[in-house]
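Undergrad: Got a structure here, written out as structure tokens. Questions coming.
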Amino acid sequence: MRSSSAREIKTVSIVGARPQFVKLGPVSRAMKRARLKIRDLILHTGQHYDDSMSQIFFDELAIPQPNVNLGVGSAPQGAQTARMLEAIEAYLSEIRPDAVIVYGDTNSTLAGALAAAKMHIPVAHVEAGLRSFNRRMPEELNRIATDHLSEMLFAPTRTAIQNLASEGLGSRSLLTGDVMYDAVLFHAAAPHDRSSVVRNLELLHGEYGIATIHRAENTTAQELDKLLCAINDAASRFGRIVFPMHPRTSAIVKDKLPDWRPDANLDVTGPIGYIDMLSMIGGARWVLTDSGGLQKEAFFLNCPCITLRNETEWLETLQDGANSIAGSDGRLLMEKLTALASQPREILQRPPAGIDGPFGAGDAAERIVEAICVHREAKR
């Protein structure tokens, strides 16, 4: 199949996991407003295959349905990435797009970038330049490799731009702002009746916390046991916590920690959709998480966050005490929660972004799409 005409750009967006669907939404909307016609084909690897982690996001975020779903599913990282790589290469060989767009730092990101780069198809990396400087994280290796494979590096923050420059990638980089901030602004302005989770769970504003755990390094049986004990202690001491359990976490609990029981104040639920999560964050006392996306969403919505890791790539969220690090074993969790409990919530009520904010002005997707148009014109 031949590439697109001079008046049309043909792209393939490769996604596969929950945070990538969120990032795709603003970019997809911006493409419809682009000055050049863009035909974007969505390839879903199937890395997240459960409807609660996948289909619900396409439905509620009004993202076009994928043109193809590879259905790769869960597997050890080597097997999963290899299956993706083979199938993506076959699809790109048929479609021959002008550019491939990858998002974030998952195995889907790496497989898409590697397949396209080896076929000499320009790769655009949305959310480039993030570094935790912890190479034990699979995501860190995916980020580094993807950035070095990409022709267009769209950095969400000045810190990310600096990281790319230090690796000799400055000439390929553009500071765009964060598409996840675009997404929060867009959906926060939507009617509040889109979510019923607060009512269904009978949550009282300012009287509950939220906890999530899903990262690979936190979901070995030994590490997860420590974190679950820490969260149980937090619920016992500080009150109600809603704990939407990721399928990976749930499987480890079932198989490796069958004797674990939640505290009476810990409400374990299934995965919660994006709109419902934003609604919950808006009324929560605080968020406890190892998720990079949730750290930012809490920051955007002025909800205090405590990160259940030893570091964060989102250094901007640490400003003014909006986010703090409790350790991957939660060893500092009680100390951090005690400090938060002593502060009135109003202390953290400050505009987290905006035109001079660390995550841009809410127009990251437009900047990304325009840069793709400019890149295509330069190639003609």
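Position 199 (the sequence shown) corresponds to 199 in the working numbering; numbering is contiguous. The beta-carbon is built from N, C-alpha and C at its ideal position, and this holds for glycine as well.
#1: Tell me the rounded alpha-carbon separation between L204 and S93.
#2: Which residues share a DSSP beta bridge with S13?
#3: Identify every residue that forms a DSSP beta bridge with V68.
#4: Which whole-angstrom value describes the C-beta separation of L43 and P66, a residue pair presumed to lie in contact below a C-beta threshold of 8 Å?
#5: Indicate whether I275 and H187 have their beta-carbon atoms separated by less than 8 Å.
#6: Ends of the alpha helix (DSSP H) at I272?
#7: Compare the C-alpha of I144 against each of D105, L24 and R29 and name the closest.
#8: Alpha carbon to alpha carbon, how far is T176 from A365? Give it in angstroms, no decimals.
#9: Helix, strand or coil: which one does DSSP assign to N323?
#10: Just curious, the alpha helix (DSSP H) that A235 is in, first and last residue?
#11: In the DSSP assignment, find the beta strand (DSSP E) that holds T81 and state where it starts and stops.
#12: Beta-carbon of L333 versus every beta-carbon of chain B: anything under 8 Å?
#13: Out of Q162, A211, A124 and D363, state which residue places its alpha-carbon closest to the alpha-carbon of S291.
#14: What does DSSP give as the partner residues of D329 in its beta bridges?
#15: Is K384 near V126, with beta carbons less than 8 Å apart?
#16: Mind the definition here: the segment 278-286 touches the segment 249-264 only if three or more C-beta pairs lie below 8 Å; say whether that holds.
#17: If you follow the beta strand (DSSP E) that L153 is in, where does it begin and where does it stop?
#18: Let me know if Q47 comes out buried or exposed under the rule of 16 or more other beta-carbons within 10 Å of its beta-carbon.
#19: Identify, in the order they occur along the chain, each residue of the same chain with its Cβ nearer than 8 Å to the Cβ of T312, setting aside the five sequence neighbours on each side.
#20: Report the partner residues of C305 according to the DSSP bridge assignment.
#21: Any idea what DSSP makes of S3, helix, strand or coil?
#22: Might you give, ordered along the chain, the residues of its own chain that have their beta carbon closer than 6 Å to the beta carbon of P97, omitting 5 neighbours on each side?
#23: Assign K336 to one of two classes, buried (16 or more other C-beta atoms within 10 Å of its C-beta) or exposed (fewer than that).
#24: Taking only the alpha-carbon atoms, compute the straight-line gap between L257 and A371 and give it to the nearest angstrom.
#25: Could you check where the beta strand (DSSP E) with S173 kicks off and where it finishes?
#26: Exposed or buried, which one is A79 when buried takes at least 16 other CB atoms within 10 Å?
#27: Looking only at DSSP bridge pairs, what is V268 linked to?
#28: Output the residue ranges of the beta strand (DSSP E) runs that lie fully inside the segment 112-174 and measure 3 residues or longer, sorted by chain position.
#29: Please state whether DSSP places E207 in a helix, a strand or coil.
#30: To the nearest angstrom, how far is the alpha carbon of H375 from that of C305?
#31: Mapping the DSSP letters down to three states, classify E8 as helix, strand or coil.
#32: Can you tell which of G206, M119, L141 and T289 has the C-alpha that lies nearest to the C-alpha of F238?
#33: Can you name, in chain order, every residue of its own chain whose Cβ lies under 7 Å from the Cβ of S328, other than the five neighbours on each side?
#34: How far does the alpha helix (DSSP H) with F58 in it extend, from its first residue to its last?
#35: Compare the C-alpha of R158 against each of G330, T338, W314 and V369 and name the closest.
#36: Are the CB atoms of R172 and L153 within a distance shorter than 8 Å?
TA: According to the structure data:
#1: As a working mapping, residue 204 is identified with position 204 in the sequence shown. As a working mapping, residue 93 is identified with position 93 in the sequence shown. Taking the straight line from one Cα to the other gives about 53 Å.
#2: Taking the sequence shown and counting its residues from 1, one reaches residue 13 at position 13. According to DSSP, S13 bridges with I42 and I101.
#3: Residue numbering aside, residue 68 sits at position 68 when the sequence shown is read from its first letter. Per DSSP, the beta-bridge partners of V68 are L43.
#4: Your numbering for residue 43 matches position 43 in the sequence shown. Your numbering for residue 66 matches position 66 in the sequence shown. Right, their Cβ atoms sit about 7 Å apart.
#5: Taking the sequence shown and counting its residues from 1, one reaches residue 275 at position 275. Taking the sequence shown and counting its residues from 1, one reaches residue 187 at position 187. Taking C-beta atoms as the reference points, I275 and H187 count as a pair closer than 8 Å.
#6: In the sequence shown, residue 272 corresponds to position 272, counting from 1. Membership of I272 in any alpha helix (DSSP H) is not indicated, and neither H nor E is assigned to it by DSSP.
#7: Looking up residue 144 in the sequence shown gives position 144. With distances taken between Cα atoms, I144 lies closest to D105.
#8: Taking the first residue of the sequence shown as 1, we reach residue 365 at position 365. Taking the first residue of the sequence shown as 1, we reach residue 176 at position 176. Annotation: A365 to T176 spans about 8 Å, alpha carbon to alpha carbon.
#9: Sequence index remark: in the sequence shown, residue 323 carries index 323 (1-based). N323: strand per DSSP, three-state reduction.
#10: As a working note, residue 235 is residue 235 in the sequence shown. From DSSP, the alpha helix (DSSP H) with A235 extends over A221 to F238.
#11: Mapped onto the sequence shown, residue 81 falls at position 81. Careful: T81 lies outside any beta strand (DSSP E), inside the alpha helix (DSSP H) at Q77 to I95.
#12: Absent from the structure: chain B. Only one protein chain is present.
#13: Locating residue 291 in the sequence shown gives position 291, where the first residue counts as 1. The shortest CA-to-CA distance from S291 to any of Q162, A211, A124 and D363 is the one to A211.
#14: Locating residue 329 in the sequence shown gives position 329, counting from the first residue. Bridge partners of D329: none, in fact.
#15: Nothing about residue 384 can be read from this structure; the chain reaches only from 1 to 380.
#16: The segment 278-286 and the segment 249-264 do not touch, with fewer than 3 CB-CB distances between them shorter than 8 Å.
#17: As a first step, residue 153 is located in the sequence shown; it is residue number 153 there, counting from the start. It spans M152 to A155 - the beta strand (DSSP E) in which L153 sits, taken as one unbroken run.
#18: Position 47 of the sequence shown, counted from the start, is the residue given in the question as residue 47. Label assigned to Q47: buried.
#19: Walking along the sequence shown from the start, residue 312 turns up at place 312. Around T312: S132, G292, Q295, L318, N323 and I325.
#20: As a first step, residue 305 must be located in the sequence shown, where it is residue number 305. Its beta-bridge partners are V287 and N323.
#21: Within the sequence shown, residue 3 is the residue found at index 3, counting from 1. Low per-residue confidence applies at S3: pLDDT is 47, beneath 50, and the placement is therefore not dependable enough to give any value.
#22: Position 97 of the sequence shown, counted from the first residue, corresponds to residue 97. In its chain, beyond the 5 residues on either side, K10, T11 and V12 have a beta carbon closer than 6 Å to the beta carbon of P97.
#23: Here residue 336 corresponds to residue number 336 of the sequence shown, with the count starting at 1. So K336 counts as buried.
#24: Mapped onto the sequence shown, residue 257 falls at position 257. Mapped onto the sequence shown, residue 371 falls at position 371. Those two C-alpha atoms are separated by around 48 Å.
#25: As a position in the sequence shown, residue 173 is number 173, starting the count at 1. Boundaries of the beta strand (DSSP E) harbouring S173: S173 to L175, taken from the DSSP string.
#26: Reading the sequence shown from its first residue, position 79 is the one you call residue 79. Taking a 10 Å sphere around the C-beta of A79, we find fewer than 16 other C-beta atoms and assign the residue as exposed.
#27: Stepping through the sequence shown from its first residue, residue 268 is reached at position 268. Beta-bridge pairing links V268 to F243.
#28: Whole beta strand (DSSP E) segments, 3+ residues: 123-126 and 152-155.
#29: Within the sequence shown, residue 207 is the residue found at index 207, counting from 1. Looking at E207 - three-state DSSP - the assignment turns out to be coil, as it is neither helix nor strand.
#30: The sequence position of residue 375 within the sequence shown is 375, counting from 1. The sequence position of residue 305 within the sequence shown is 305, counting from 1. So the alpha carbons of these two residues sit roughly 38 Å apart.
#31: Reading the sequence shown from its first residue, position 8 is the one you call residue 8. Residue state, collapsed to three classes: strand.
#32: In the sequence shown, residue 238 corresponds to position 238, counting from 1. Nearest option by C-alpha distance: G206.
#33: Residue mapping note: residue 328 aligns to position 328 of the sequence shown, counting from 1. Contacts found: E217, N218, E223, L308, R309 and N310.
#34: The residue you call residue 58 lines up with position 58 of the sequence shown. Annotation: the continuous alpha helix (DSSP H) that includes F58 extends over Q55 to E60.
#35: As a first step, residue 158 must be located in the sequence shown, where it is residue number 158. Looking at the Cα atoms, W314 is the closest of the given residues.
#36: Translated into positions along the sequence shown, residue 153 becomes position 153. Translated into positions along the sequence shown, residue 172 becomes position 172. In this structure, R172 lies closer than 8 Å to L153 by Cβ.
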